[in-house]
Amino acid sequence: MRIHLLFKKEELDEAKLDATKTVVVFDVLLATSTISACLSFGARTVIPVADEEEAREIAKNLPTEEYCMAGEWNGLPIEGFSYPLPLALQGKVAGKTLILRTTNGTVAIRKAAAARKVWIASLLNSPAVARKVYDEYEDETILLTCAGSANQFCLEDFYGAGYFLSELIQLAGENAVQLTDSALAAKLFYDSRKDQNETLLAQTQVGRAMLEMGVGEDLHFVSQKGQLEVAPYLSGHKVVCDTCVSVYNN
1333 MRIHLLFKKE ELDEAKLDAT KTVVVFDVLL ATSTISACLS FGARTVIPVA DEEEAREIAK
1393 NLPTEEYCMA GEWNGLPIEG FSYPLPLALQ GKVAGKTLIL RTTNGTVAIR KAAAARKVWI
1453 ASLLNSPAVA RKVYDEYEDE TILLTCAGSA NQFCLEDFYG AGYFLSELIQ LAGENAVQLT
1513 DSALAAKLFY DSRKDQNETL LAQTQVGRAM LEMGVGEDLH FVSQKGQLEV APYLSGHKVV
1573 CDTCVSVYNN
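Convert by adding 1332 to the 1-based position in the sequence shown; the result is the number in the working numbering.
Below, the structure written as structure tokens:
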């Protein structure tokens, strides 16, 4: 099982993506956490969009009661969109299509679309995604893609990828896994701070911004490890999951 890690979405070469690559996308703060949570909250599907115009075009073709639009750009709210905090969306998405536009995570997901499969992972659901990746592995290369932010490295995505690797290695066994140096670095970093998840996220640039915004409850929520039995993946232009269960405990 060959595994490589990309430090930011800009390193993902779309021209090299094909049936020999599986991509796992991490945007721990916040898109992949929001997607995983909203599917566990009962959303039918999530559509990651490139911009507000695409979101509104999709919404035009859906009955008002069947969709919810959420998004941000550079951390700022978008007019007519709910802000994409998972707990704020909890009562809005059940039975609906979530149309989601974000600065980094949805961009990374769309950029990975040509891969054999694209999985969406976070601290909340990495064990569930690891099991699916392990069960469906067919000798492809696994690319762990950290979304980053505006072409910059984000520590929370790196930590999330390390957690995912820890879970995957428990399933496959160390001898079955070949890690590149970047993937190994994520695993070693996670191992050195595995019990500091909430503290670490709160120290990151985005985590500090969330605390300044007064949304510490959401930061606490997305910092929890293995709370959602949901393994979202890209199917066409939509993110779906086969089984979505929340085991979150405050």
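Where a beta carbon is used, it is the ideal one built from N, C-alpha and C, also for glycine. All of these numbers come straight from a predicted model, not from anything done at the bench.
How many Å lie between residue i and residue j at the Cα?
i, j, result
"residue 1416", "residue 1574", "23 Å"
"residue 1446", "residue 1498", "26 Å"
"residue 1383", "residue 1341", "17 Å"
"residue 1450", "residue 1346", "13 Å"
"residue 1367", "residue 1564", "8 Å"
"residue 1335", "residue 1395", "42 Å"
"residue 1568", "residue 1465", "18 Å"
"residue 1410", "residue 1421", "15 Å"
"residue 1570", "residue 1350", "18 Å"
Name, in chain order, the residues that DSSP records as bridge partners for residue i.
i, result
"residue 1337", "1476"
"residue 1403", "1433"
"residue 1567", "1570"
"residue 1484", "1481"
"residue 1379", "1431"
"residue 1414", "1402"
Taking C-alpha atoms, which residue in the options lies nearest to residue i?
i, options, result
"residue 1471", "1419, 1343 and 1448", "1448"
"residue 1425", "1397, 1358 and 1452", "1397"
"residue 1468", "1558, 1352 and 1444", "1352"
"residue 1523", "1531, 1491, 1541 and 1506", "1491"
"residue 1403", "1388, 1507 and 1484", "1388"
"residue 1408", "1571, 1462, 1570 and 1538", "1538"
"residue 1572", "1411, 1517 and 1452", "1452"
Please list, in chain order, all residues of the same chain as residue i whose beta carbon is under 6 Å from its beta carbon, the five residues on each side excluded.
i, result
"residue 1476", "1337, 1356 and 1493"
"residue 1413", "1401, 1402 and 1403"
Within a Cβ cutoff of 7 Å, which residues of the same chain sit near residue i, ignoring the five residues on either side of it in sequence?
i, result
"residue 1419", "1549, 1550 and 1553"
"residue 1399", "1391, 1428, 1429 and 1431"
"residue 1547", "1417"
"residue 1555", "1455, 1529, 1530 and 1533"
Only counting the same chain, and skipping five residues up and downstream in sequence, which positions put a Cβ closer than 8 Å to that of residue i?
i, result
"residue 1536", "1361, 1486, 1487 and 1488"
Between the stretch 1423-1442 and the stretch 1351-1363, do three or more beta carbon pairs fall short of 8 Å? yes
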